[in-house]
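These notes are about the structure you will find just below.
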Amino acid sequence: MGKNDIDKIKKELDDLKSQIRYHDFRYYVQNAPEISDQSYDLLYRKLKDLEDKFPELKSPDSPTQRITAEPLKGFKTIEHKVPMLSMDNTYSEDELRDFDKRVKKNLQDNSVEYVVELKIDGVSVSIRYENGIFKSGATRGDGYRGEDVSQNLRTIKSIPLKLAFRNAAAVPSVLEVRGEVYIPKDRFLQINKQREQQSENLFTNPRNAAAGSLKLLDSSLVAQRGLDIFIWGIGEYHGIQLDKHSHSLEYFQKLGLKVNPHFYLCAGIDEVIQRCQEWAQKKPGLGYDIDGMVVKVNSFKMQRKLGSTSKAPRWLIAYKFPAQRARTRLKEIKVQVGRFGTLTPVAIVEPVNISGTVVTKASLHNEDQIERLGVRINDYILVEKAGEIIPQVVGVLKEMRTGKEKNFKMPQNCPVCGGRVKRTAEEVALRCLNRSCPAQVKNSVKLFASRDAMDIEGLGDALIDQLLEKKIIRDYAGIYYLKYEDISSLERMGDKSAQNLLASIEASKGRPLSRLIYALGIRHVGVHVAEILADKFESLEELIQSDFNSLSNINEIGPVIAGSIIEFFSISSNRKVIQKLKDAGVNLFQKKSLISSNLSGKSFVITGTLKNYSRKEIENTVKLNSGRVLSSVSSNVDFLLSGENPGSKYDKAKKLGIKIINENDFNKMINKRG
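Under the numbering used here, the first residue of the sequence shown is numbered 691, with each subsequent residue one higher.
This is the structure in structure tokens:
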């Protein structure tokens, strides 16, 4: 192949990478996509095919190189050339005024401009670019050294692997930016819903989920978590001149970095306090968690003059919103057993009101957390509604002990089946090793029938309990062999209920392959991974026959998930259950057909409560038909699908002149052939 041919291929690769970077920026940073998922996937596949054909032309900044094939054995450390110090914080407006007085006194200047930003409740990281190319990324660590999480940060689509410079002269040789990695609230709820269905420990709040995700050694698992980032500061840099913090934020935006849009220039402390009060009220309406506001002196020259203590800069302070917590008494600790045998301790507490919700139980995570806190039965404890979502035990009031408190130890045997439990080196949790444990079987049947899986309406927890206790079914395949006489005499099951359930079971046989793959309950295979596998394989049998290498090379799969899939299908009891599903007439094939071209290239936002669809069903339908469902309203949205009791999105859509439709309108769109 001649030089001209190679140059031509290089140009095509550069053009494709440039297009994909642009569309990543429009989607992940600006939330304003210009093309459909299908069109984007075509660009991505074209780039990947070309790189596979000419591997010597593949570059580290390519969009295809976000996920590495091999998991890490551990994390190295990276030194922060410019320390990532902590922040002084306050809950008091008076202390904000004291901060302002100190700043002005030390500067001997009464005209100080501040920047006020949202304090994202996430994980602080530093990202280093050299000549505009992503070089490395690290956690804050102790402020001077952090863990090298480059491999995991590369999976975050809002972090560009190559910065967007207009000309080569503008490229700094080194640019280190600081940001906060977080998980959006809606994604967090999806993750916990999937973990609950898979009987895994739930994350207590989005920040813990983000922190845990960055600690994973397999980047293919990190890619599934839906991490995002806001860039808020600068570290080491060479080759550019910046004189104000606000200018640096504007500069980051021009480079294609994601900066939170809610930052404010304030001429004085009164305006600063006004912004803090404003966001204390507005924070529930955000799609991500914030735990306060950060107040910074805007001028870099003034920042340098003020300097830092050994722990924190003198030129900034964090104003933190009051925590949502309450005191109560720990009555007992119950141990739950999940679908994969995980033993999870749950605190049963005296009812207490937190943020308008009566809390009767709270998360204790695992045995290590119980030991760290020193929790005992009958202790008075502090319960916090972390991230305003899941209550958790955050402290023990040891000074209130009376001597009646009792130590707690995790059981040495499964509390459900009495089987042996084991704690592996890689895991914090204990696991029951008995695959036939009733708790594990029940949770697997529960997942199989759930809305995101086979969606069998009428098959709830109480009925599943009866079916298993009476040995009418022994696994989820047994659902498809139920007869009218098996269920009509069960508690709360009359003639009509039995007929409706059998009809729902029959209808579920035709569910898409992706739902069946998810319903099987393979560890690490959630809804998203199941969709990837269903797109890659035409049938369940084809997936079963796949080998480790072919699976681990699929984008977003990787070795850990691949190993889990191989292990699942290697177990003879699992293969027997799949054969029973096949014999019962359950669909084992992928059906790839568009319903309507009317959705192609269109973007939708959903608000309110839907009657006939789940949000996931809407998302799947739109995605299947080359459309896109977005999380927030902007001028680039085509339709707002509104249910009952719509939220603020409805008002914003109306103001922007976006077409508002109901479920009937949506039905007409998908039933009308384009």
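We put the beta carbon where it would ideally sit given N, CA and C, even for glycine.
Worksheet item: What do you reckon, are the CB atoms on L1123 and V1083 nearer than 8 Å?
Response: no
Fill in: Test item: CB-CB of R1201 and D1273 under 8 Å
no
Worksheet item: Exposed or buried, V1118, counting other C-beta atoms within 10 Å across all chains shown (16 or more means buried)?
Response: exposed
Worksheet item: Would DSSP call K743 helix, strand or coil?
Response: helix
Discussion item. In the DSSP assignment, the beta strand (DSSP E) including L1395 goes from what residue to what residue?
Written reply: Residue numbering for the chain in the displayed model covers 691 to 1364; residue 1395 lies beyond these limits and cannot be assessed.
Item to complete: Measure the CB-CB distance between I1244 and I1222 and report whether it falls below 8 Å.
Response: yes
Discussion item. As an exercise, report each continuous beta strand (DSSP E) stretch of at least 3 residues that is fully enclosed by the segment 759-834, in chain order.
Written reply: 767-769, 804-810, 813-820, 823-829
Practice prompt. From the DSSP output, in three-state form, read off D1069 for me.
Written response: coil
Discussion item. Within 8 Å, do at least three Cβ pairs link the segment 1011-1020 to the segment 1057-1072?
Written reply: yes
Practice prompt. Using 10 angstroms around the beta-carbon of H770, count the other beta-carbons present and answer buried if the total reaches 16, otherwise exposed.
Written response: buried
Discussion item. On the CB-based measure, 16 or more other CB atoms within 10 Å of its CB, does S752 come out buried or exposed?
Written reply: buried
Discussion item. Is there a C-beta anywhere in chain D that falls below 8 Å from the one on D790?
Written reply: No chain D appears in the structure shown, which is made up of a single protein chain.
Worksheet item: How about N988 and H952: are their beta carbons less than 8 Å apart?
Response: no
Discussion item. Here's a check: name, in chain order, each residue in its chain whose Cβ is nearer than 7 Å to the Cβ of K1339, leaving out the five neighbours to either side.
Written reply: V1295, T1297, V1323, L1330
Worksheet item: Among residues of its own chain, excluding the 5 on either side of S1198, which ones have a beta-carbon nearer than 7 Å to its beta-carbon?
Response: M1144, D1145, I1146
Item to complete: Taking only the alpha-carbon atoms, compute the straight-line gap between V1025 and S1126 and give it to the nearest angstrom.
Response: 18 Å
Worksheet item: Just to confirm, are V1312 and L1346 a CB contact at a threshold of 8 Å?
Response: no
Worksheet entry | Cα-Cα separation between H937 and L955, rounded to whole angstroms | 11 Å
Discussion item. Using 8 Å as the threshold, is the C-beta distance between P723 and N1326 below it?
Written reply: yes
Worksheet item: For the candidate residues R787, P862, R1066, whose alpha-carbon lies nearest to that of M1090?
Response: R1066
Practice prompt. Thinking D933 and K995 are a contact (beta carbons under 8 Å), I'd like their distance in whole angstroms, please.
Written response: That pair is no contact at about 13 Å.
Discussion item. Whole angstroms are fine: how far does the CA of S776 sit from the CA of G833?
Written reply: 7 Å
Worksheet entry | Beta-carbon proximity of I963 to L786, cut-off 8 Å | yes
Fill in: Host alpha helix (DSSP H) of M983 (start-end)
That residue, M983, is in no alpha helix (DSSP H); its beta strand (DSSP E) goes 980-987.
Worksheet item: For V1042 versus L1006, is the C-beta distance shorter than 8 Å?
Response: no
Worksheet entry | Candidates I1163, I710, I1154, A1224, of which the one nearest R1182 by Cα | I1154
Practice prompt. Would you grab the beta carbon distance between K1209 and F1138 for me? Rounded to a whole angstrom, and I think it's under 8 Å.
Written response: Note that residue 1209 is Ala in the sequence shown here, rather than Lys. So it is a contact: roughly 5 Å between Cβ atoms.
Fill in: the segment 814-821 / the segment 863-870 touching (three or more Cβ pairs under 8 Å)
yes
Fill in: For C966 and I710, the rounded distance between their alpha carbons
38 Å
Worksheet item: What is the DSSP secondary structure of A1143, counted as helix, strand or coil?
Response: coil
Item to complete: Consult DSSP for M1359 and reduce its assignment to one of helix, strand or coil.
Response: helix
Worksheet entry | Among E1095, T1092, Q1130, K1094, the one whose alpha carbon lies nearest that of G1109 | Q1130
Practice prompt. To the nearest angstrom, report how far apart S871 and Y804 are at their CA atoms.
Written response: Here residue 871 is Val; the residue named in the question, Ser, does not match the sequence. The straight-line gap from Cα to Cα measures roughly 24 Å.
Fill in: Reference P1105; option with closest CA among L1191, I1163, G1028, R1004
G1028
Worksheet item: Does the distance from the CB of L1241 to the CB of A1252 come in under 8 Å?
Response: yes
Worksheet item: Thinking just about the alpha-carbon of each residue, which of K1270, L1063, A1193, A900 is nearest to the one in Y1174?
Response: A1193
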